[in-house]
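Student: Under the working numbering, the first residue of the sequence shown is numbered 208, with each subsequent residue one higher.
Backbone N, C-alpha and C define an ideal beta-carbon position, used for all residues, glycine too.
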Amino acid sequence: MFLVEDPPEPLATDDFVLTPLRPELLDLDTEAYLASPDVIRDHSCGRWPVEGFGSDDNLPLVIRHWSDHQAKRAFTYLFLDPEGTSSLGCLYVRPLFPYLEAMGADAQTLLRYAGGSTARVSYWLRQDREPGLGAAVAERLDEWLRTKWPLDAYLYRATPAEECTVHALDRLPLDRVTIDLPAEQQSYLWWAADVRIVS
208 MFLVEDPPEP
218 LATDDFVLTP
228 LRPELLDLDT
238 EAYLASPDVI
248 RDHSCGRWPV
258 EGFGSDDNLP
268 LVIRHWSDHQ
278 AKRAFTYLFL
288 DPEGTSSLGC
298 LYVRPLFPYL
308 EAMGADAQTL
318 LRYAGGSTAR
328 VSYWLRQDRE
338 PGLGAAVAER
348 LDEWLRTKWP
358 LDAYLYRATP
368 AEECTVHALD
378 RLPLDRVTID
388 LPAEQQSYLW
398 WAADVRIVS
């Protein structure tokens, strides 16, 4: 269970605004997803479908994300353009500890990230995004997580193929960490940020 009583107000910048992913935003989410086949492949390690995928396929996923958001189990947001007319991608803020347990993390790692208020964060940005959006998203997103969220710590996760995301995260004041997860079949990269020290 995610021990986040209330997420902060969604982030709004000159480049993008965040809004919780809700069923009424289905078409914007689906359009951005289908416009980004290479990004989706890299972000999901090829596990998310693109060919033949449409709004009818996406609706149950969006409903689940919205249900989790309302129940405070996990939080999913769309990056929207400032006018709110187009989706620029998707952000996921999820509890870290249950994932580490499920993936067979050792006792030291589990102790390090014990508790429900440590998050794993991932995101993707649409393939035809404006140049420079990746850096702006990483900087503003990290500031929002660090200063507004009631978290003990958070870790970003990305795949090596997400080169723009990896480059943007490497430029932030984060620690690249290695997490041994015997049951995880994918090779992820991790960046850690402590907000409050976990003892």
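Roughly how far, in whole angstroms, is the beta-carbon of P187 from the beta-carbon of S324, given that I think they are within contact range, below 8 Å?
Tutor: Outside the shown range of the chain (208 to 406) lies residue 187, about which nothing can therefore be said.
Student: Can you tell which of L298, V344, L376 and K355 has its C-alpha closest to the C-alpha of I247?
Tutor: By one-based count along the sequence shown, residue 247 stands at place 40. If we check each option's Cα against that of I247, L298 comes out closest.
Student: Please determine, among A321, A345 and D236, the residue with the shortest C-alpha to C-alpha distance to L287.
Tutor: Taking the sequence shown and counting its residues from 1, one reaches residue 287 at position 80. The shortest Cα separation from L287 among A321, A345 and D236 belongs to D236.
Student: What is the DSSP secondary structure of P227, counted as helix, strand or coil?
Tutor: Here residue 227 is taken as the residue at index 20 of the sequence shown, counted from 1. Correct three-state label for P227: strand.
Student: How about T372 and G341: do their beta carbons lie closer than 8 Å?
Tutor: Here residue 372 corresponds to residue number 165 of the sequence shown, with the count starting at 1. Here residue 341 corresponds to residue number 134 of the sequence shown, with the count starting at 1. Yes, these two residues count as a Cβ contact at 8 Å.
Student: Taking 8 Å as the threshold, find out whether the region 221–235 comes into contact with the region 289–309 through three or more Cβ pairs.
Tutor: As far as the Cβ criterion goes, the region 221–235 touches the region 289–309, which means the pair count is three or higher.
Student: For A345, which residues in the same chain have their Cβ closer than 8 Å to its Cβ, ignoring the five residues on either side in sequence?
Tutor: Position 138 of the sequence shown, counted from the first residue, corresponds to residue 345. Here the set comprises T372, A375, L376, R378 and L379.
Student: Here's a check: name, in chain order, each residue in its chain whose Cβ is nearer than 7 Å to the Cβ of S399, leaving out the five neighbours to either side.
Tutor: One-based indexing of the sequence shown puts residue 399 at position 192. Before going on, a small fix: residue 399 reads as Ala here, not Ser. Closer than 7 Å at the Cβ level, and outside the excluded window around A399, lie A360, L362, L381, D382 and V384.
Student: Which whole runs of the alpha helix (DSSP H) in the region 325–389 are 4 residues long or more, in chain order?
Tutor: If we require 4 residues or more, the alpha helix (DSSP H) runs fully inside the region 325–389 come out as 340–355 and 370–377.
Student: Using 10 angstroms around the beta-carbon of D249, count the other beta-carbons present and answer buried if the total reaches 16, otherwise exposed.
Tutor: For the purposes of this step, residue 249 is identified with residue 42 of the sequence shown, where counting begins at 1. So D249 ends up on the buried side.
Student: Can you name the start and end residues of the beta strand (DSSP E) that F260 belongs to?
Tutor: Start at 1 with the first residue of the sequence shown, and residue 260 comes out as number 53. Where F260 is concerned, there is no enclosing beta strand (DSSP E), given that its DSSP letter is neither H nor E.
Student: Spatial neighbours of M310 within its chain, please: C-beta separation below 8 Å, excluding the five flanking residues on both sides.
Tutor: As a working mapping, residue 310 is identified with position 103 in the sequence shown. L388, P389, A390 and E391.
Student: Which residues in the same chain as A326 place their Cβ atom closer than 7 Å to its Cβ, once the five residues preceding and following it in sequence are excluded?
Tutor: Your numbering for residue 326 matches position 119 in the sequence shown. If we look at A326 and ignore the five residues flanking it on each side, its Cβ neighbours are V300, R301, P302, L303, L358 and Y361.
Student: Kindly give me the distance between the Cβ atoms of R333 and S243, rounded to whole angstroms, as I take these residues to be in contact under 8 Å.
Tutor: The sequence position of residue 333 within the sequence shown is 126, counting from 1. The sequence position of residue 243 within the sequence shown is 36, counting from 1. Correct: roughly 5 Å between the Cβ atoms.
Student: Considering only residues of the region 233–307, which uninterrupted alpha helix (DSSP H) runs meet the minimum length of 4 residues and lie entirely inside it, listed in chain order?
Tutor: Correct list: 233–241, 244–251 and 262–278.
Student: Between I386 and the rest of its own chain, which residues show a CB-CB distance below 7 Å, the 5 nearest in sequence each way excluded?
Tutor: Locating residue 386 in the sequence shown gives position 179, counting from the first residue. Counting only Cβ-Cβ distances below 7 Å, and skipping sequence neighbours, we find A312, T316 and W397.
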